[in-house]
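Colleague: Here you go, one structure.
Number of protein chains: 2
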Amino acid sequence: MAVDLDQIETFLAVVSARSFSKAARRLNTTQPAVSLRIQALETGLGKRLLERTTRDVSLTPEGRAFLDYAERMAALRQEAQLAIADPDRVTGTVRLGVSETVVHAWLPDLIEELSRRFPAVELELTVDTTAATRDLLVGRELDLAFLMGPVAEPEMVNHPLCSFPLVWTAPPALDLPEPATLKDLARYRIITYSRRTRPTVALTRMLQAAGIRDARLIASTSLATNIRLVESGVGVAPLPAFTVEEAIAAGRLRRVIVVPDAELEPLAFTVTHPAATRNALVGRVVACALECAAVFDKK
Amino acid sequence: MAVDLDQIETFLAVVSARSFSKAARRLNTTQPAVSLRIQALETGLGKRLLERTTRDVSLTPEGRAFLDYAERMAALRQEAQLAIADPDRVTGTVRLGVSETVVHAWLPDLIEELSRRFPAVELELTVDTTAATRDLLVGRELDLAFLMGPVAEPEMVNHPLCSFPLVWTAPPALDLPEPATLKDLARYRIITYSRRTRPTVALTRMLQAAGIRDARLIASTSLATNIRLVESGVGVAPLPAFTVEEAIAAGRLRRVIVVPDAELEPLAFTVTHPAATRNALVGRVVACALECAAVFDKK
DNA sequence: AGAGGTTACGGGCAGCGTAAGGATC
DNA sequence: GATCCTTACGCTGCCCGTAACCTCT
Chain A
1 MAVDLDQIET FLAVVSARSF SKAARRLNTT QPAVSLRIQA LETGLGKRLL ERTTRDVSLT
61 PEGRAFLDYA ERMAALRQEA QLAIADPDRV TGTVRLGVSE TVVHAWLPDL IEELSRRFPA
121 VELELTVDTT AATRDLLVGR ELDLAFLMGP VAEPEMVNHP LCSFPLVWTA PPALDLPEPA
181 TLKDLARYRI ITYSRRTRPT VALTRMLQAA GIRDARLIAS TSLATNIRLV ESGVGVAPLP
241 AFTVEEAIAA GRLRRVIVVP DAELEPLAFT VTHPAATRNA LVGRVVACAL ECAAVFDKK
Chain B
300 MAVDLDQIET FLAVVSARSF SKAARRLNTT QPAVSLRIQA LETGLGKRLL ERTTRDVSLT
360 PEGRAFLDYA ERMAALRQEA QLAIADPDRV TGTVRLGVSE TVVHAWLPDL IEELSRRFPA
420 VELELTVDTT AATRDLLVGR ELDLAFLMGP VAEPEMVNHP LCSFPLVWTA PPALDLPEPA
480 TLKDLARYRI ITYSRRTRPT VALTRMLQAA GIRDARLIAS TSLATNIRLV ESGVGVAPLP
540 AFTVEEAIAA GRLRRVIVVP DAELEPLAFT VTHPAATRNA LVGRVVACAL ECAAVFDKK
């Protein structure tokens, strides 16, 4: 009869997923269970909160009003847990978006640290390019994200997080003078991040500025793939130093010293989240991420 | 595992009752059920919230911190209900303290009106003198109260509510000149409110000022009793006009016209509640009470 | 001994998952 | 016909109430 926190979590999940069945998956239950919980909530309030058409789920005016209360109640529950509970017992979900580079750096450390501090908290991880992640974040489908450069939305908070120097890398056998110029490098295929990303944009500008028209770029979304391609002799690549240290030490890759004009800016990452986040866990995750990034930097 | 609104309501009830068994009675359940709910809450948080000695229940530091969250969550649930739900479905409890005079005036109207507007809301009524009610209110054991004169606590909000003229009343057979002086009245027993109440204090001052030392006062907490005493010929009494209109019309009582010096101030009632009330229903009850009082005044 | 909180235990019912049913594209 | 929400139904497990127990005054 009365409103119940379970129902509220379900309601929030449905609203955020815009679908009963997706919400059910996310809540680790079945779709009928979600359906019944929403029905119970609606009966308890005596008002319909969600309008279900066959293709979409939308909020009724009452639903929109209730959403605000629901979010505040869920946030309050979590705040209370964080303030009082044994960290072991804190529950909740953090939806985190990350760029692949971070995955290869310290994300495993963060995941481990978080699951140590908050074993009962679930992490919903989305790995994608900065652009895609950014859109999810702006659409409030993520609670926070680690991505390149600040997000210039007014409602978003950005913190500098970490930065990774890029080094030019080539197969050991490649014929390259040192220091190499952009022109030298452009004799080979250049393997880089996908088209719209910040480093690739910077690189194409540099190539244009140097008057190089016929550069052959290979854009890939996968950092691991890029490294593999260089190791296989496909071409040269600017890569985050930490990803290739081991391969260079082992002689599988060669670090190419370049002229200042060919140096790329380090990849600067920020942690970004909505200013009015109602997920009290976000603060903890941010703090933990800053620590992990700092530890990683020192190594 | 997770915190549940049922547990929170139970926690709040236990804290407010300072007892598991009293809370159980108030929640219409059994004492073991309360015990288990509190245990579940504590296990869920991994912290003990309540310290139980054999004679008293007190809050641990964590409990005190949690109390704040619990109150906010309960308030939020109720706000959401008030904002969205069918009024029929709004649940909750309002703890109301009233002076007896109000009971005889329009309290039945208020109760009826409230149970019409919010059939699922429970009213916990305490009828006592203004002084006793005031203490309960200050101790936050009441959500609001209708009592005489403003409560001068800093955290309390007072609204003028209604005022009842007092008329001197006597048994019809009594020998009294008109207009009667205080001295005339004081030849008989004067039946009045209990010692510490505002009208009785005013009356004793008036008697002192008139140099009357040997007045025989009968102080009683019950207005109905007082009326009965006058009807039975025990003495005279200042009574709220509305309570004796019918008896006067029927000839069972006589209204005594008195000189200006013997007139008593009307009984002024205010509605008082804590400024930071977390019970969203209080506002509705206040509004409803003001309406009922106004309607009553017009009759 | 009595008041009040805890533990033990059996039963009822809420809520779940499976499966079938409808509606819309 | 595919997708997605709803309804039906049997079952499990949780929570409740009764009752016995413990502890402190």
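Sequences listed follow chains A and B, in order.
The numbering used here applies: residue 1 is where the first sequence begins, and numbers increase by one.
The numbering used here applies: residue 300 is where the second sequence begins, and numbers increase by one.
Glycine included, every Cβ here is placed at the ideal spot set by N, Cα and C.
Given 8 Å as the limit, is there contact between the region 62-69 of chain A and the region 240-257 of chain A, that is, 3 or more CB pairs closer than that?
Modeller: No, the region 62-69 of chain A is not in contact with the region 240-257 of chain A.
Colleague: Is the CB of Glu-544 (chain B) under 8 Å away from at least one CB in chain A?
Modeller: For Glu-544 (chain B), the answer is no, since every Cβ of chain A falls outside 8 Å of its Cβ.
Colleague: State whether the region 239-248 of chain A contacts the region 131-145 of chain A, with contact taken as three or more CB pairs (one from each stretch) at a distance under 8 Å.
Modeller: They do not touch, by the three-pair rule.
Colleague: Does the distance from the CB of Thr-571 (chain B) to the CB of Ala-444 (chain B) come in under 8 Å?
Modeller: In this structure, Ala-444 (chain B) lies closer than 8 Å to Thr-571 (chain B) by Cβ.
Colleague: Taking the Cβ atom as the reference point for each residue, do Gln-7 (chain A) and Leu-41 (chain A) lie within a distance shorter than 8 Å?
Modeller: A contact, by the Cβ cut-off of 8 Å.
Colleague: May I have the straight-line CA-CA distance separating Val-450 (chain B) from Asn-457 (chain B), to the nearest angstrom?
Modeller: Approximately 7 Å, taken between the alpha carbons.
Colleague: Can you find at least 3 beta carbon pairs, one from the region 50-58 of chain A and one from the region 10-18 of chain A, that sit closer than 8 Å?
Modeller: In short, these stretches touch, since the Cβ pair count reaches three.
Colleague: Using three-state DSSP, classify Leu-484 (chain B) as helix, strand or coil.
Modeller: In this structure, Leu-484 (chain B) counts as helix in the three-state DSSP scheme.
Colleague: Measure the CB-CB distance between Ile-212 (chain A) and Leu-166 (chain A) and report whether it falls below 8 Å.
Modeller: In this structure, Leu-166 (chain A) does not lie closer than 8 Å to Ile-212 (chain A) by Cβ.
Colleague: In chain order, what residues of the same chain lie with their CB nearer than 8 Å to the CB of Thr-569 (chain B), ignoring the 5 residues before and after it?
Modeller: The answer, listed in chain order, is Phe-445, Leu-446, Met-447, Gly-448, Pro-449, Val-450, Asn-457, His-458, Pro-459 and Leu-460.
Colleague: Along the beta strand (DSSP E) that carries Leu-358 (chain B), what are the first and last residues, could you check?
Modeller: Residues 356-358.
Colleague: Can you find a C-beta in chain A that's less than 8 Å from the C-beta of Asp-408 (chain B)?
Modeller: Asp-408 (chain B) does not count as touching chain A.
Colleague: Buried or exposed: which applies to Asp-175 (chain A), given that a residue is buried once 16 or more other Cβ atoms fall within 10 Å of its Cβ?
Modeller: When all chains shown are included, Asp-175 (chain A) counts as exposed.
Colleague: What does Met-372 (chain B) touch in chain A if you count any residue whose Cβ is under 8 Å from its own?
Modeller: What Met-372 (chain B) touches in chain A: Met-73, Leu-76, Arg-77 and Ala-80.
Colleague: Within 10 Å of its beta-carbon, does Leu-36 (chain A) have 16 or more other beta-carbons around it, so buried, or fewer, so exposed?
Modeller: By the neighbour-count rule (16 or more Cβ atoms within 10 Å), Leu-36 (chain A) is not buried but exposed.
Colleague: Using 8 Å as the Cβ pair cut-off and three pairs as the minimum, do the region 282-289 of chain A and the region 111-128 of chain A touch?
Modeller: Counting Cβ pairs under 8 Å, three or more are found: they touch.
Colleague: Following the continuous alpha helix (DSSP H) through Asn-525 (chain B), name the residue where it begins and the one where it ends.
Modeller: 522-530 is the span of the alpha helix (DSSP H), which, as asked, contains Asn-525 (chain B).
Colleague: Could you name the residues of the same chain whose beta carbon sits closer than 7 Å to that of Arg-189 (chain A), not counting the 5 residues immediately before and after it, in chain order?
Modeller: Result list for Arg-189 (chain A): Arg-216, Ile-218, Val-234 and Gly-235, in chain order.
Colleague: As a quick exercise: from B:Ile-526, B:Ala-536 and B:Arg-325, pick the residue whose alpha carbon is nearest that of Leu-424 (chain B).
Modeller: When each option's Cα is compared against that of Leu-424 (chain B), the closest is B:Arg-325.
Colleague: With distances taken from CA atoms, which of A:Phe-242, A:Leu-281, A:Arg-284 and A:Arg-278 is nearest Asp-297 (chain A)?
Modeller: Among A:Phe-242, A:Leu-281, A:Arg-284 and A:Arg-278, the Cα nearest to that of Asp-297 (chain A) belongs to A:Phe-242.
Colleague: Verify whether the separation of the beta carbon atoms of Val-121 (chain A) and Leu-281 (chain A) is less than 8 Å.
Modeller: Yes.
Colleague: For the beta strand (DSSP E) that contains Val-271 (chain A), what are its first and last residues?
Modeller: First-last of the beta strand (DSSP E) with Val-271 (chain A): 267-274.
Colleague: Could you give the DSSP three-state label for Ile-517 (chain B): helix, strand or coil?
Modeller: Of the three classes helix, strand and coil, the one that applies to Ile-517 (chain B) here is strand, per DSSP.
Colleague: What are the boundary residues of the beta strand (DSSP E) that Arg-25 (chain A) is part of?
Modeller: Here Arg-25 (chain A) belongs to no beta strand (DSSP E); instead the alpha helix (DSSP H) covers 20-26.
Colleague: Would Pro-478 (chain B) and Val-356 (chain B) qualify as a contact pair, given that the criterion is a beta-carbon distance under 8 Å?
Modeller: In this structure, Val-356 (chain B) does not lie closer than 8 Å to Pro-478 (chain B) by Cβ.
Colleague: Please determine, among A:Arg-228, A:Arg-205, A:Thr-225 and A:Gly-283, the residue with the shortest C-alpha to C-alpha distance to Ala-300 (chain A).
Modeller: In this structure chain A extends from 1 to 299, so residue 300 (chain A) is not present and cannot be described.
Colleague: Taking only beta-carbon atoms, is Val-302 (chain B) less than 8 Å away from chain A?
Modeller: Yes - at least one Cβ of chain A is within 8 Å of the one on Val-302 (chain B).
Colleague: In chain A, which residues lie less than 9 Å from Ala-364 (chain B) when you measure between Cβ atoms?
Modeller: The answer, in chain order, is Ala-80, Ala-83 and Ile-84.
Colleague: Could you check the C-alpha separation between Met-455 (chain B) and Leu-422 (chain B) for me, to the nearest Å?
Modeller: Met-455 (chain B) and Leu-422 (chain B): Cα-Cα distance of roughly 21 Å.
Colleague: At least one CB of chain A closer than 8 Å to the CB of Gly-582 (chain B): is that the case?
Modeller: It does not; no Cβ of chain A falls within 8 Å.
Colleague: If you check the beta carbons only, do Arg-394 (chain B) and Glu-440 (chain B) fall under 8 Å apart?
Modeller: Their beta carbons are under 8 Å apart, which means Arg-394 (chain B) touches Glu-440 (chain B) by this criterion.
Colleague: Between Arg-89 (chain A) and chain B, is any beta-carbon pair separated by less than 8 Å?
Modeller: For Arg-89 (chain A), the answer is yes, since a Cβ of chain B falls inside 8 Å of its Cβ.
Colleague: Short of 6 Å in beta carbon distance, which residues of its chain neighbour Ala-574 (chain B), apart from the five on each side in sequence? Order them along the chain.
Modeller: Excluding positions up to five away in sequence, the list reads Glu-454 and Val-456.
Colleague: Using 8 Å as the threshold, is the C-beta distance between Glu-62 (chain A) and Ile-383 (chain B) below it?
Modeller: A contact, by the Cβ cut-off of 8 Å.
Colleague: Can you tell me whether Leu-50 (chain A) is helix, strand or coil according to DSSP?
Modeller: Residue state, collapsed to three classes: strand.
Colleague: Alpha carbon to alpha carbon, how far is Ser-220 (chain A) from Thr-130 (chain A)?
Modeller: About 13 Å.
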